[in-house]
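S.K.:
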Amino acid sequence: MRPVRLHLRPTRARRLPTDAERDLTGLGALLAHLRRGGGTPARAVAAGDIPGDLTGDGLTWDDDDARDRTWWPQGVAALDGGRVLLVGWYEKSTGPWWRRRVPRSRVSVVDRSDPDHPRYAHVELAVRHRRPVAWLRPLGAVPVHAGGLAVVTSPVEGRLLLVADTLFGLRVFALDDVHRAPSGWVLPQRRALRVPLLRAGLGAARFRFSFTGTGDLDGLGPVLVSGEYRRAGDRRPGGAPRLVVHRLDPVTGLPLGDPLAVHPDQPPRMQGVALLSDVRGPGHERQGKDKDDDVRSTVWVVSASAGHDRCGDLHMGSPGAWTTHRGALPPGCEDLDPAVPTAGPTAGPTAGPTGPGENAPQLWGASEHPGHRWVFPVIVPRGQQVTPRS
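Numbering (numbering that gives the first Met the number 0), first residue to last: 0 to 389.
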């Protein structure tokens, strides 16, 4: 595979909001609106009502969104230990081709500060038009699949939302730019990270940014991991699914430059990836270390769908060395994102090596099929031994 190089495409410089303006706009303003009773109520769902062996207590959308066949949920990002969730949706074009408009994408902001009574609001992703079109219509649609979401922190711009743009790279949005328009909540794009047309191949050989996520990788620090969805048995050029790792720039908080690693021949039908810090307690056997210390290592976690009528799988380990948990996730499982605790050693449901227990990491995921749409925590088993793939 040729290097997957991301370029920052310049956009018109925009004035950053002042502290006073942030009280009226931004993610905080939307969350305050939800906590005052605005938005749409979601329904809490017990773990036993969500298919999958490793799912916890989650939620589902209201009836209209849960059964909508025009909008389909995809990417997931967890903030504030999972108390706030972002879920990306893409719009399917319907009707005769001559009447179809540019498909849109949106992000649902879910407030779980009261897990028994979650609320959410849709935020449409938009791109600013250039003049002269901007005089007539300042904002246009963002036609992306939104299969993966990741939130990074920029020292200058605050929290940035990265949205996977399948063939072209990533779209960049600042959560401080969320604002209320006459048509509803809107989040305008700030810039894009583009893959040059010829640098990463053409056609089937071109890397597909199907999903993306952030985390810390041993010895490399903060990174962005992106992957592509491909079905089993795809023998086209570049047909084997790949995972790509980019370093996050400490100055901008964004992934730039050539990838640190490209991992080919990964599990088919991948939908999401997360990096977790696996901690094994005192007394774990290892060579050359004090047995009273914890052992920390990075564990890769990948979700894989198995169709609309079969539960999905969870792969744990590292590229080329996976342990697979069959039927762990609901049918139509999509992206994954860790719920990083904001206080205390853990947050939310936990699981041990063979079932529920203490001090296990928690992920959040979503499923896409109408009538079977859940947003759910994934109870990740601790201390799993991984074996190289034969």
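Note that CB positions come from ideal geometry on N, CA and C, so glycine has one too. Please read these numbers as outputs of a predicted model, since none were measured by experiment.
Are Asp336 and Ala77 close, meaning C-beta to C-beta below 7 Å?
M.R.: A contact, by the Cβ cut-off of 7 Å.
S.K.: Measuring CB to CB, does Leu138 end up less than 7 Å from Ala125?
M.R.: The answer is yes: Cβ separation under 7 Å.
S.K.: Between Arg118 and the rest of its own chain, which residues show a CB-CB distance below 7 Å, the 5 nearest in sequence each way excluded?
M.R.: Within the same chain, Arg118 has close Cβ partners Leu33, Gly38, Thr39, Pro40, Ala41 and Asp110.
S.K.: From the DSSP output, which residues share a beta bridge with Cys332?
M.R.: Looking at the DSSP assignment, Cys332 forms a beta bridge with Ser366.
S.K.: According to DSSP, what are the bridge partners of Glu90?
M.R.: In DSSP, Glu90 forms a bridge with Trp70.
S.K.: Could you pull the DSSP bridge partners for Val250 from this structure?
M.R.: None, per the DSSP bridge assignment.
S.K.: In terms of residue numbering, what span does the alpha helix (DSSP H) encompassing Leu26 cover?
M.R.: That run of the alpha helix (DSSP H) goes Leu26 to Arg34.
S.K.: My assumption, with CB atoms under 8 Å, is that Val300 sits in contact with Pro266. Please give the rounded CB distance.
M.R.: Incorrect: roughly 12 Å between the Cβ atoms, too far for contact.
S.K.: What does the Cβ neighbour count give for Val75, buried or exposed, with the cut at 16 atoms within 10 Å?
M.R.: The residue is buried, with at least 16 neighbouring Cβ atoms inside 10 Å.
S.K.: Measuring only the C-alpha atoms, how far is Ala173 from Thr213?
M.R.: Taking the straight line from one Cα to the other gives about 16 Å.
S.K.: State the beta-bridge partners of Arg103 as determined by DSSP.
M.R.: Arg103 is not bridged to any residue.
S.K.: Do you know whose CA, among Thr323, Leu242 and Asp176, lies nearest Thr24's CA?
M.R.: Selected option, being the one with the closest Cα: Asp176.
S.K.: Check the C-beta distance from Trp60 over to Gln73 and give it rounded, since I have them as a contact under 8 Å.
M.R.: Their Cβ separation, rounded to whole angstroms, is 14 Å, which puts Trp60 and Gln73 out of contact at 8 Å.
S.K.: Can you tell me which of Leu247, Arg205 and Arg103 puts its alpha carbon nearest to the alpha carbon of Val185?
M.R.: Answer by Cα proximity: Arg103.
S.K.: Comparing alpha-carbon positions, which option in Asp164, Val298, Val224 and Met269 lies nearest Leu247?
M.R.: Among Asp164, Val298, Val224 and Met269, the Cα nearest to that of Leu247 belongs to Val224.
S.K.: Run through DSSP, which three-state label would Leu274 get?
M.R.: Leu274: strand per DSSP, three-state reduction.
S.K.: Could you round the C-beta distance between Val162 and Ala145 to whole angstroms and report it? I think they count as a contact, below 8 Å.
M.R.: That pair is a contact at about 6 Å.
S.K.: Going by CA-CA distance only, name the one from Lys91, Pro50, Pro95 and Leu30 that's closest to Leu85.
M.R.: Taking only the C-alpha atoms, the option nearest Leu85 is Leu30.
S.K.: Name the one or two DSSP bridge partners that Pro266 has.
M.R.: Beta-bridge pairing links Pro266 to no other residue.
S.K.: Beta carbon of Leu458, beta carbon of Leu313: below 7 Å?
M.R.: Outside the modelled stretch of the chain, which goes from 0 to 389, sits residue 458, for which no answer is possible.
S.K.: Can you say whether Arg82 is buried or exposed, counting buried as having 16 or more other CB atoms within 10 angstroms of its CB?
M.R.: The residue in question, Arg82, is buried, as its Cβ has 16 or more Cβ neighbours within 10 Å.
S.K.: Nearest chain D C-beta to Gly316 closer than 7 Å, yes or no?
M.R.: The question asks about chain D, but that chain is absent: this structure has only one protein chain.
S.K.: Within the same chain, show all residues whose beta-carbon is closer than 7 Å to that of Arg158, passing over the 5 residues directly before and after it, in chain order.
M.R.: The residues are Val150, Thr152 and Leu174.
S.K.: Between the Cα of Pro195 and the Cα atoms of Ala365, Thr54 and Phe167, which residue gives the shortest distance?
M.R.: Comparing Cα-Cα distances from Pro195 to each of Ala365, Thr54 and Phe167, the minimum goes to Phe167.
S.K.: I think Gln188 touches Val141, with their Cβ atoms under 8 Å apart; what is that distance to the nearest whole Å?
M.R.: Contact holds; Cβ gap of about 6 Å.
S.K.: CA-CA distance, Phe375 and Ala365?
M.R.: Roughly 6 Å between the two C-alpha positions.
S.K.: Skipping 5 residues on each side, what residues in its chain have a beta carbon closer than 6 Å to that of Trp70?
M.R.: Trp88 and Glu90, listed in sequence order.
S.K.: Bridge partners for Val155 per DSSP, in chain order?
M.R.: According to DSSP, Val155 bridges with nothing at all.
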